[in-house]
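Undergrad: If you scroll down you'll find the structure; I have some questions about it.
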Amino acid sequence: MIRKLRLNKAVWLLILGVIMMVIAVNHTKGSKTLLAVAGILFIAGAFMLIYPVLFARKIEEKGKDIVELTPVGDNPTSTENTSKVD
C-alpha cells in the first residue's frame, strides 16, 4: 500500500527525523537545531502520510458508500483501488 499510494517519501522523512533525533541526543553543540530539523521532518512526513486520506473521493454506487484512494498516475476509473466503508 505504501508503494501503491506513493508514500515512500513520507516514510523516508520519518526515518530521517528519527536519525536526526538520535544524532541530537549524542551531540551537545547544535542539538536544539537538530531537534528542530527532526520536528520539521516529522511534521512534513505526517502531512504526506495523511494527504491521501484527506483527499480521498467518496463514490456512491447502488446505495453502497465506497471511498476511492487513487494514487497519482493511476487510472481513476480503476476499481482495483476501492475499499468498502461500513
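Numbering (UniProt numbering), first residue to last: 1 to 86.
Cβ coordinates follow ideal geometry from the N, Cα and C atoms, glycine included.
Model, not experiment: these values are computed from the prediction.
#1: Take residue 38 as the anchor and find which of 12, 16, 6 and 11 has the nearest alpha-carbon.
#2: Looking at C-alpha atoms only, which residue of 53, 55, 56 and 49 is the closest neighbour of residue 13?
#3: Leaving out the 5 sequence neighbours to the left and right, which residues in its chain are closer than 7 angstroms to residue 10 when beta-carbon positions are compared?
#4: When you compare only the Cα positions, how much space is there between residue 52 and residue 18?
TA: With the structure as the only source:
#1: 16
#2: 49
#3: 45, 48 and 49
#4: 23 angstroms
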